[in-house]
Amino acid sequence: LEFCSLHLAAIRNLEERYEGWRLALGGDLSRNEYFEHLRNSAETGDAVKRVIDHLRSRK
Amino acid sequence: MQTTLIVTEKPDAALHLAEALSRSEAPRRINVDGVPFFEVRTDAQRIVVCSALGHLYAVAARDPGRRYPVWDFVWKPKHLVQRGQGGQERWIQAIAKVSREADRFIDACDFDVEGSLIGYTILKYACQGADRKAQRMKFSTLTETELKDAYAKPLPQLDFPLVFAGMCRHEVDWLFGINLSRTLTQSAYRLSGRYSTLSTGRVQGPTLRFLVEREREIETFVPTPYWVLTVKVDVNGRVLPAEYEAERLARKQEAQEVVQACAGKPGFIENLESSTYELVPPTPFDLSSLQNEAYRHFGLSPRISLGLAERLYLDQLISYPRTSSQKLPASIGYERIMKSLGQVENYRSETAGLLSSGSLIPNEGKKDDPAHPAIYPTGTIPRRQLQGREQKLFDLVVRRFLASFGAAAVKRSDKATVKVGKYHFLLRGSRLIEKGWTTLYKPYAKFEDAALPPLRVGQPLAVHEIKSEQKFTQPPPRYNPSSLLRKMEESEIGTKATRADIIETLYRRRYVTGQRMSATPLAFGIIEILTRYCPKVVDVTFTRELEAKMEQIELESETRARVVLEAVDYLKPIIEDLKSREREIGEELATIIAEIREESTTLFVPCPQCGSKLKILKNPRTRKRFIGCSGKWRSDCKFSLPLPQLGTLSLLRKLCPKCGFQLIQVRSRGRHPLVSCCRCYVTKVRGASAFRQTTVLPKPK
Numbered sequence: 001l002e003f004c005s006l007h008l009a010a011i012r013n014l015e016e017r018y019e020g021w022r023l024a025l026g027g028d029l030s031r032n033e034y035f036e037h038l039r040n041s042a043e044t045g046d047a048v049k050r051v052i053d054h055l056r057s058r059k
Numbered sequence: 001m002q003t004t005l006i007v008t009e010k011p012d013a014a015l016h017l018a019e020a021l022s023r024s025e026a027p028r029r030i031n032v033d034g035v036p037f038f039e040v041r042t043d044a045q046r047i048v049v050c051s052a053l054g055h056l057y058a059v060a061a062r063d064p065g066r067r068y069p070v071w072d073f074v075w076k077p078k079h080l081v082q083r084g085q086g087g088q089e090r091w092i093q094a095i096a097k098v099s100r101e102a103d104r105f106i107d108a109c110d111f112d113v114e115g116s117l118i119g120y121t122i123l124k125y126a127c128q129g130a131d132r133k134a135q136r137m138k139f140s141t142l143t144e145t146e147l148k149d150a151y152a153k154p155l156p157q158l159d160f161p162l163v164f165a166g167m168c169r170h171e172v173d174w175l176f177g178i179n180l181s182r183t184l185t186q187s188a189y190r191l192s193g194r195y196s197t198l199s200t201g202r203v204q205g206p207t208l209r210f211l212v213e214r215e216r217e218i219e220t221f222v223p224t225p226y227w228v229l230t231v232k233v234d235v236n237g238r239v240l241p242a243e244y245e246a247e248r249l250a251r252k253q254e255a256q257e258v259v260q261a262c263a264g265k266p267g268f269i270e271n272l273e274s275s276t277y278e279l280v281p282p283t284p285f286d287l288s289s290l291q292n293e294a295y296r297h298f299g300l301s302p303r304i305s306l307g308l309a310e311r312l313y314l315d316q317l318i319s320y321p322r323t324s325s326q327k328l329p330a331s332i333g334y335e336r337i338m339k340s341l342g343q344v345e346n347y348r349s350e351t352a353g354l355l356s357s358g359s360l361i362p363n364e365g366k367k368d369d370p371a372h373p374a375i376y377p378t379g380t381i382p383r384r385q386l387q388g389r390e391q392k393l394f395d396l397v398v399r400r401f402l403a404s405f406g407a408a409a410v411k412r413s414d415k416a417t418v419k420v421g422k423y424h425f426l427l428r429g430s431r432l433i434e435k436g437w438t439t440l441y442k443p444y445a446k447f448e449d450a451a452l453p454p455l456r457v458g459q460p461l462a463v464h465e466i467k468s469e470q471k472f473t474q475p476p477p478r479y480n481p482s483s484l485l486r487k488m489e490e491s492e493i494g495t496k497a498t499r500a501d502i503i504e505t506l507y508r509r510r511y512v513t514g515q516r517m518s519a520t521p522l523a524f525g526i527i528e529i530l531t532r533y534c535p536k537v538v539d540v541t542f543t544r545e546l547e548a549k550m551e552q553i554e555l556e557s558e559t560r561a562r563v564v565l566e567a568v569d570y571l572k573p574i575i576e577d578l579k580s581r582e583r584e585i586g587e588e589l590a591t592i593i594a595e596i597r598e599e600s601t602t603l604f605v606p607c608p609q610c611g612s613k614l615k616i617l618k619n620p621r622t623r624k625r626f627i628g629c630s631g632k633w634r635s636d637c638k639f640s641l642p643l644p645q646l647g648t649l650s651l652l653r654k655l656c657p658k659c660g661f662q663l664i665q666v667r668s669r670g671r672h673p674l675v676s677c678c679r680c681y682v683t684k685v686r687g688a689s690a691f692r693q694t695t696v697l698p699k700p701k
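Residue numbers (the working numbering), protein chains in the order written: chain X, 1 to 59; chain L, 1 to 701.
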């Protein structure tokens, strides 16, 4: 497995909330924009931010 | 002449008891091998009052050594099993010496599980089995009248159900603590070769799990956006904000539609509603509610507020604070206490008002404690000037006591519906129309009056502004010592006497940091291992069931032996399983410990001379610590800085505003933490402003 349980939970939350964000912002939110919003939000958990950085660095 | 030996819990209690029992002259203070006793002589008898220093005896393994698992235990003098208790040896010897002259024994320790156990162990072990013939004094304040009454009418024997419940709690906690902690510590030691104390316990484990789970929720939190709409309306020249009828909107488009539809349109009052409701007076303090309120108003940790409350109790100013009760029986003498408090300028008008009201009936809460009433002021006027935190806590107890007798306050809430276009917005206001008990509980009861101006249905209103604000859902808040204590109480784990100490232990073991309690990687590691290999040990349900059984011992519907045996049967397979996995567990722990060691000794700021990592090092010859450059072996860099040699050192994630070097913090027992820059020697103690402009570094990954 690539992720520990903490980061797996972060990924799960990240996936689950994406659809909610898309609907909230009008449907045309790309995954990259979604990540950008979360990366800049003070409320986003540190593990989620680390996962975002990791996913971006793989691309 | 008959000699009576009375055992109390603390030296101050011994003095007050001796003073209460002496008729005319002051009690004589006698020293037995440096230990103070108080002697009172009457016509027919001699009374000697001695004190303990908390617990003088503790549970210990029958055989010494660091082996595990251990199931055989005995009660031993505490100085033989715990470091730093050396002074207790002569205490026990002095009590034993005096007890040989005694014909009658009375236990006058605090009337609760811990107090009863302290008295019992002293009478049994130091006084050669006097527990079987000893009598028991029961009191809730150290006032002269109550102490005299308790002495005149002692219970014929010790409160054995409380004693056995206390013994059982200590024994079960010891079995859990020693076996689980040794498993963790020794597993890590065998793999890493370095010693780190790792502890967990029957209550500590589930408590730490609360913190780790909360930290996990915060770390993995993904916020979602929502929108809040407000309009500013002009009411007779006053601009007031009105909220949209839906508290939050989940979609941006919906919010924009409302804003566009309302822009430039006037509004009018469509509907007016108002309601009144009563705010009942607060209940008298039990220990937990006192600790919570002291944290809320003064920022005192539960342990500090308990210590202060005990000090006030020993000064005869308040009743016994370790109580679960929210009830005040009439027998404490409401009127007498209020008349006495009325002598103090600060409480004169409040007590006069209550005394003239005709009837004194406190608003009692549901919780009860068979041993003690709720916490109340005894009415004794302080003999010395109370200072700082003591004064604050005393004032809080007095005002809460008075407020519990107050009349209900009445609050009026007004709601006006403002229609703008086809949308509804709400103007809200509230005010206290009957202040009731809130005047007695000042400054702790705070209500902000925000009354609406006079309005009528159909009244037109100018709309100044309509605003849509994007917000985000928030992660759950971190626990603080007060909210964690509340969580423990709600989950029914630990006791009023032990919860505050368990929270302090979590800090001491470096499982948590900060006032907003943040679980460390070590805490994550411990909970992950325990959850994986023995989930029941960190499960609240099991701990709660065990608590219930121990309470049944107090009610004599369960026996100590059965509960202890059950705990051993439960724990044995768990520990044996853990022992068989010692290598796996040790590997995981050793990795975490090594990471933590590395993180806690490596500075973020690189060496200003060669750019290598700076580390906290120890001189192998002098054992003195200093900051050194890890480039010494590669490039012969000689950069170094001195460090304070005393106190616990931690590296802060903050930079010095003057020179940009990483700041350190030194914590010494009984002192405020000192923040300092090792490079330019700017230091800060609490309250100074030198580091207000510090740069905060990001958390390490």
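Even glycine gets a Cβ: it sits at the ideal position worked out from N, Cα and C.
- The continuous beta strand (DSSP E) containing L:K467 extends over residues P460 to F472.
- For L:E219, a Cβ of chain X is located within less than 8 Å of the residue's own Cβ.
- Among the CB atoms of chain X, one or more fall inside 8 Å of the CB of L:A250.
- With respect to chain L, the C-beta atom of X:E19 has no partner C-beta closer than 8 Å.
- Per DSSP, the beta bridge partners of L:Y57 are L:P77.
- L:L402 and L:E144 have their C-alpha atoms spaced approximately 23 Å apart.
- Taking C-alpha positions only, L:F164 is separated from L:V563 by approximately 11 Å.
- Straight across, the Cα-Cα distance linking L:E528 with L:K467 is about 47 Å.
- DSSP places L:C168 in the helix class (H, G or I) of the three-state scheme.
- CA-CA distance, L:L674 to L:R667, rounds to 7 Å.
- L:K265 and L:V463 have their C-alpha atoms spaced approximately 7 Å apart.
- In the three-state reduction of the DSSP assignment, L:H297 falls in the helix class, which pools H, G and I.
- Counting only runs of at least 3 residues, the segment 232-320 of chain L fully encloses the following beta strand (DSSP E) elements, listed from N- to C-terminal order: 238-244 and 267-279.
- Residue L:G342 holds the alpha-carbon nearest to the alpha-carbon of L:P377 among L:D368, L:S356 and L:G342.
- Assignment of L:E39 by DSSP, reduced to helix, strand and coil, places it in the strand class.
- Classified as exposed, L:Y681 has fewer than 16 neighbouring CB atoms from the shown chains inside 10 Å of its CB.
- In the three-state reduction of the DSSP assignment, L:F524 falls in the helix class, which pools H, G and I.
- Against X:E43, the close residues of chain L are F221, P223, F472, T473, Q474 and P475, in the order they occur along the chain (beta-carbon pairs closer than 8 Å).
- The C-beta of L:R209 comes no closer than 8 Å to any C-beta of chain X.
- Take the alpha-carbon of L:Q552 and the one of L:C168: they are about 11 Å apart.
- Runs of beta strand (DSSP E) with 3 or more residues, each lying fully within the segment 592-656 of chain L, are found at 614-618, 625-629, 640-642 and 648-655, listed in chain order.
- Close partners of X:N40 in chain L (Cβ separation under 9 Å) are lacking, with about 11 Å as the shortest Cβ gap.
- Distance check between L:L5 and each of L:I95, L:R29 and L:G87 places L:I95 closest, using alpha-carbon atoms only.
- Annotation: X:L29 has no Cβ neighbours in chain L at a cutoff of 7 Å; minimum Cβ distance is about 10 Å.
- The beta-carbon distance between L:Q204 and L:T505, rounded to whole angstroms, is 6 Å. This is short enough to meet the 8 Å contact definition.
- In this structure the segment 283-301 of chain L lies against the segment 488-503 of chain L, because at least three pairs of beta carbons, one per stretch, are closer than 8 Å.
- Positions of the alpha helix (DSSP H) runs, each at least 4 residues long and wholly inside the segment 477-515 of chain L, are given as 481-490 and 499-508 in order along the chain.
- With respect to the C-alpha of L:L652, the residue from L:S635, L:S640, L:G611 and L:V605 having the closest C-alpha is L:V605.
- Chain-order list of chain L residues neighbouring X:N32: empty, with the shortest C-beta distance near 16 Å, by a criterion of under 9 Å.
- A straight line joining the alpha-carbon of L:E469 with that of L:P223 spans about 16 Å.
- With respect to chain L, the C-beta atom of X:L55 has no partner C-beta closer than 8 Å.
- For L:P608, the closest of L:E598, L:W633, L:K638 and L:P620 by C-alpha to C-alpha distance is L:K638.
- In the DSSP assignment, L:A416 falls within the beta strand (DSSP E) that extends over A409 to V420.
- Around the C-beta of L:T42, fewer than 16 other C-beta atoms lie within 10 Å, and the residue is accordingly described as exposed.
- By the C-beta density criterion, L:W633 is exposed, having fewer than 16 other C-beta atoms within 10 angstroms.
- Its Cα nearest to that of L:S181, the residue L:L571 stands out among L:L571, L:S630 and L:G631.
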